[in-house]
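Protein chains: 2
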Amino acid sequence: MQPHLSQIGQKMSQLTGVRAIMKDIIETLQSEPGKWVNLSAGNPLILPEIEAMWRDYTQQLLAGPHFGEVVGRYGASQGYEPLIEAVVDWFNSHYGWGITRRNVLITPGSQSLYFYAANCLGGVDADGMLRKIVLPLSPDYTGYGGVTLNAETLQAYKPTIDIIAPHRFKYRPDFAQMQIDDTTGAVLFSRPCNPTGNVISDAETQQIVDLAAQYNVPVFIDSAYALPFPNLVFTEMTPVFGENVVHCLSLSKVGLPGERVGIAIGDERNIHALECFQANASIHSSRYGQALAAQAISSGELARLSLSVIKPHYQRKAALLTAAFDREMPNDVPWYLHKAEGAIFAWLWLKDLPMTDWDVYRKIKQEHVIVVPGSPFFPGLKEEWAHKQQCLRISLTASEEDLEAGAAAIARVVKKAYV
Amino acid sequence: MQPHLSQIGQKMSQLTGVRAIMKDIIETLQSEPGKWVNLSAGNPLILPEIEAMWRDYTQQLLAGPHFGEVVGRYGASQGYEPLIEAVVDWFNSHYGWGITRRNVLITPGSQSLYFYAANCLGGVDADGMLRKIVLPLSPDYTGYGGVTLNAETLQAYKPTIDIIAPHRFKYRPDFAQMQIDDTTGAVLFSRPCNPTGNVISDAETQQIVDLAAQYNVPVFIDSAYALPFPNLVFTEMTPVFGENVVHCLSLSKVGLPGERVGIAIGDERNIHALECFQANASIHSSRYGQALAAQAISSGELARLSLSVIKPHYQRKAALLTAAFDREMPNDVPWYLHKAEGAIFAWLWLKDLPMTDWDVYRKIKQEHVIVVPGSPFFPGLKEEWAHKQQCLRISLTASEEDLEAGAAAIARVVKKAYV
Numbered sequence: 387m388q389p390h391l392s393q394i395g396q397k398m399s400q401l402t403g404v405r406a407i408m409k410d411i412i413e414t415l416q417s418e419p420g421k422w423v424n425l426s427a428g429n430p431l432i433l434p435e436i437e438a439m440w441r442d443y444t445q446q447l448l449a450g451p452h453f454g455e456v457v458g459r460y461g462a463s464q465g466y467e468p469l470i471e472a473v474v475d476w477f478n479s480h481y482g483w484g485i486t487r488r489n490v491l492i493t494p495g496s497q498s499l500y501f502y503a504a505n506c507l508g509g510v511d512a513d514g515m516l517r518k519i520v521l522p523l524s525p526d527y528t529g530y531g532g533v534t535l536n537a538e539t540l541q542a543y544k545p546t547i548d549i550i551a552p553h554r555f556k557y558r559p560d561f562a563q564m565q566i567d568d569t570t571g572a573v574l575f576s577r578p579c580n581p582t583g584n585v586i587s588d589a590e591t592q593q594i595v596d597l598a599a600q601y602n603v604p605v606f607i608d609s610a611y612a613l614p615f616p617n618l619v620f621t622e623m624t625p626v627f628g629e630n631v632v633h634c635l636s637l638s639k640v641g642l643p644g645e646r647v648g649i650a651i652g653d654e655r656n657i658h659a660l661e662c663f664q665a666n667a668s669i670h671s672s673r674y675g676q677a678l679a680a681q682a683i684s685s686g687e688l689a690r691l692s693l694s695v696i697k698p699h700y701q702r703k704a705a706l707l708t709a710a711f712d713r714e715m716p717n718d719v720p721w722y723l724h725k726a727e728g729a730i731f732a733w734l735w736l737k738d739l740p741m742t743d744w745d746v747y748r749k750i751k752q753e754h755v756i757v758v759p760g761s762p763f764f765p766g767l768k769e770e771w772a773h774k775q776q777c778l779r780i781s782l783t784a785s786e787e788d789l790e791a792g793a794a795a796i797a798r799v800v801k802k803a804y805v
Numbered sequence: 387m388q389p390h391l392s393q394i395g396q397k398m399s400q401l402t403g404v405r406a407i408m409k410d411i412i413e414t415l416q417s418e419p420g421k422w423v424n425l426s427a428g429n430p431l432i433l434p435e436i437e438a439m440w441r442d443y444t445q446q447l448l449a450g451p452h453f454g455e456v457v458g459r460y461g462a463s464q465g466y467e468p469l470i471e472a473v474v475d476w477f478n479s480h481y482g483w484g485i486t487r488r489n490v491l492i493t494p495g496s497q498s499l500y501f502y503a504a505n506c507l508g509g510v511d512a513d514g515m516l517r518k519i520v521l522p523l524s525p526d527y528t529g530y531g532g533v534t535l536n537a538e539t540l541q542a543y544k545p546t547i548d549i550i551a552p553h554r555f556k557y558r559p560d561f562a563q564m565q566i567d568d569t570t571g572a573v574l575f576s577r578p579c580n581p582t583g584n585v586i587s588d589a590e591t592q593q594i595v596d597l598a599a600q601y602n603v604p605v606f607i608d609s610a611y612a613l614p615f616p617n618l619v620f621t622e623m624t625p626v627f628g629e630n631v632v633h634c635l636s637l638s639k640v641g642l643p644g645e646r647v648g649i650a651i652g653d654e655r656n657i658h659a660l661e662c663f664q665a666n667a668s669i670h671s672s673r674y675g676q677a678l679a680a681q682a683i684s685s686g687e688l689a690r691l692s693l694s695v696i697k698p699h700y701q702r703k704a705a706l707l708t709a710a711f712d713r714e715m716p717n718d719v720p721w722y723l724h725k726a727e728g729a730i731f732a733w734l735w736l737k738d739l740p741m742t743d744w745d746v747y748r749k750i751k752q753e754h755v756i757v758v759p760g761s762p763f764f765p766g767l768k769e770e771w772a773h774k775q776q777c778l779r780i781s782l783t784a785s786e787e788d789l790e791a792g793a794a795a796i797a798r799v800v801k802k803a804y805v
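In structure tokens, the structure reads:
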């Protein structure tokens, strides 16, 4: 039987963004196992010190008095109380945010959080008006393309491109284009940005927040790569908070992606609406990961290992890949790496590329190297723009050897492509 | 700031059903801790043998080679491969269903599964027609009231009431009322039923499935209390399967409610649509609980302990509470217990009650006993019906002593209520 889907079912049963190409990537990797330099992975590395930390906290959970209660009881929809308290204490003592437990919600990963937010605040309102979810700077996280129940809801804007040095560029929000007003349900962006490694500056972030505040619009700042954990930040940045900001954290880049732990910190009225959505849609997040996270945050170990292990690991990789590109790539081709300000990817722009990103992806595959074409990273950007077909995402999770081999292979393809 | 919610946000930020009264129950219990006979709990008991099993499997996970990969990697949206295989093997070898891994989806609890299903299949379709989610027999699980993004989507039907013995009754589906046709998106019911302990017969279940099949309508059978685990079935029942059936399991009543593991088994086209919804809305379910469940199912221990520990525990409680009611309740009042066919609740009907279920709930509270009024258990039943205000849900999770004290207190209130 072919299911007769609702409008929402039709939208939500489409795989969007990177997921649409994962099938090809997985089949490619399985076709000749071990023969590939894989620079496509979105899955963060398992770093031994980090895995050891989660093992230790699991042992402690088993040895302590709370195991039965954690796995064997339903919990509050808001989240596991000790984790909520750990978050409140951390952000009050380190950032002075003055939050209470009513400002915190735990979700089963931050994707769920954006799903709740996009549909609680975006979509058709009681007056019949479509309120947009605004992505102020495109490209941004590919998964945002999946979270709105109505495809029309998502609205992304082209950035300003600054050439900041030979073969280096940086995206900046283009306030002349960006439309945040009373048709906006919420604003959403990642900082640091997956996939580009961009960090929108403190001042520009504040400018977005202030603009949204004029229209009573919440701003969800996806801080999955930000400080204090995983602290994948290689530039100056301060988390921006405020009454209309929902600061969104994830434990996926500190070694717990499998456990789906997302954390929202914001005004209690926003938090309450999202909590109710969660109660109705999924009751509550699973609790084992929450119990571990409560310990890792309150002990300070999570922030400590983020700074001493996770951040230097990826920062070293970013520097190595940048050097490899500078060494391998042809100087007379207009290639640009995005400034490496954070996260776990490099983002390569091939200006005036005489073919599409998919063509380049296929040619690079012929060199036994897999990257990810850039076009799926512009969710919500409806207009045509050549730049969308000129970028590649390169994962920093690969080994140093593979990053260097990958850069050399990409350089070989690029040299031929521009001839 | 007061959030400006979408229509969906307005619906989903309402707490429905039992959640709407949990605040009163929690405040009551906290008002004089230790002074209450609590017969309101929906949270299953932590049975020592069951907790020990999950501890053992956690130890094994820590000792084995897969810990890092389970918690430290993103997984497939469909679920953790070893769990999917364990489910396929179990249902093929014990039930002969002939399923493959493409027939299985793991969700973060079964509430999420019903949320995906209700909105993939129910709601407005491409032709602008509202397709209903039909609950064929009301009362049913209170949480179904929360899963539809549009309040109009849910449609429940009054049952037939059979008086089967003095002070005993049983609900049966009323096929004369029930409307399943091409306006139906999906059918959904729990079997055994939370809150009533009813088990719709094999023949009647097949009749619903056949009726739905004529219109290509999937039937989601919520088997959270069914065999093979938790096996909270005190009567004859066989799981009904078929091309248009989605058989839905949960690990919440086998000691893992905190970990949110739901399992759907059905036609691969339905499963695929739900999987995509999940990929977009939450990526995948958390994996620690899945990894434990894979071991517990494939070893056979989960089914074994369900039969030897979980089932007899609650069956004994049901018998004890039934005997207590027969002993304590006035014979000349038209009270009826629903036939105890499964699950973890008793369901009391006070026919011709000269007050509401809420009044009785409050009077029982004055006796320091907490039950749950029955009216939140009729989600989707829009018509007026006196029966909706004549029922109470009594949890079998209480101790034997508390069940007996509770029955005596309820009897005192009932005697006075009918004067």
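If you read the protein sequences in the order shown, they are chains A and B. Taking this note's numbering, the leading residue of the first sequence gets 387, the next gets one more, and so forth. Taking this note's numbering, the leading residue of the second sequence gets 387, the next gets one more, and so forth. Glycine residues also receive a C-beta, built at the ideal position from the N, C-alpha and C atoms.
query	result
Three-state secondary structure assigned by DSSP to residue 703 of chain A	helix
Selection from A/597, A/421, A/479 and A/515 that minimises the alpha carbon distance to residue 390 of chain B	A/515
CB contact check: residue 666 of chain A to chain E, cutoff 7 Å	The structure shown contains no chain E; its protein chains are A and B.
Own chain, CB closer than 6 Å to residue 476 of chain A, minus 5 neighbours either side, in chain order	683
Contacts that residue 821 of chain B makes with chain A (C-beta to C-beta distance below 7 Å)	The first residue shown for chain B is 387 and the last is 805, placing residue 821 of chain B beyond what the model contains.
Cross-chain neighbours of residue 461 of chain B in chain A, by beta carbon under 9 Å	643 and 644
Per-residue burial, residue 727 of chain A [other beta carbons within 10 Å of its own, 16 or more giving buried]	buried
DSSP state of residue 432 of chain A mapped onto helix, strand, coil	coil
Nearest neighbour of residue 463 of chain A, chosen from A/493, A/443, A/440 and A/447 [CA to CA]	A/493
Validate contact between the region 684-701 of chain B and the region 631-648 of chain B using beta carbons, cut 8 Å, 3 pairs	yes
Helix, strand or coil at residue 580 of chain B [DSSP, three-state]	coil
Cutoff 7 Å: residue 672 of chain A Cβ touching any chain B Cβ	yes
Sequence-distant residues of its chain with Cβ nearer than 8 Å to residue 569 of chain A (five each side left out)	515, 516, 517 and 518
Near-chain B residues of the region 624-637 of chain A (beta-carbon distance less than 9 Å), N- to C-terminal order	629 and 630
Identity of the residues DSSP links to residue 722 of chain B by a beta bridge	B/735
Proximity winner among A/540, A/666 and A/680, relative to residue 400 of chain B (alpha-carbon distances)	A/666
7 Å CB neighbourhood of residue 732 of chain B in its chain, flanking five on each side removed	583, 704, 707, 723, 726, 780 and 782
C-beta atoms of residue 398 of chain B and residue 606 of chain A nearer than 7 Å	no
Top-ranked residue by Cα proximity to residue 811 of chain A, from A/506, A/625, A/548 and A/427	What is shown of chain A runs 387 to 805, which leaves residue 811 of chain A out entirely.
Cβ pair count under 8 Å reaching 3, the region 426-437 of chain B against the region 449-464 of chain A	yes
Residue-level contact to chain A via CB, residue 744 of chain B, 7 Å cutoff	no
C-alpha gap between residue 677 of chain A and residue 453 of chain B, whole angstroms	17 Å
Member of B/396, B/403, B/804 and B/560 whose CA lies at the smallest distance from the CA of residue 758 of chain B	B/403
Neighbouring residues, chain A, relative to residue 453 of chain B (Cβ below 9 Å)	437, 440, 441 and 444
Nearest candidate by alpha-carbon position, reference residue 730 of chain A, set A/425, A/604, A/624 and A/410	A/425
Any C-beta of chain B under 7 Å from that of residue 541 of chain A	no
Any C-beta of chain A under 7 Å from that of residue 457 of chain B	yes
Within chain B, partners of residue 653 of chain A - CB distance below 9 Å	387 and 389
Residue 656 of chain A: contacting residues in chain B (beta-carbon distance under 7 Å)	389
Against chain A: residues of the region 475-509 of chain B by CB proximity under 7 Å	494, 495, 497, 498, 501, 505, 506, 507, 508 and 509
Contact under 7 Å by Cβ, residue 620 of chain B with residue 565 of chain B	no
Range covered by the beta strand (DSSP E) that runs through residue 633 of chain B	631-636
Sequence-distant residues of the same chain with beta carbon closer than 6 Å to residue 791 of chain A, five excluded per side	423
Simplified DSSP state of residue 478 of chain A, which is helix, strand or coil	helix
Cα-Cα separation between residue 689 of chain A and residue 768 of chain A, rounded to whole angstroms	39 Å
Own chain residues within Cβ distance below 6 Å of residue 590 of chain B, not counting five before or after	559
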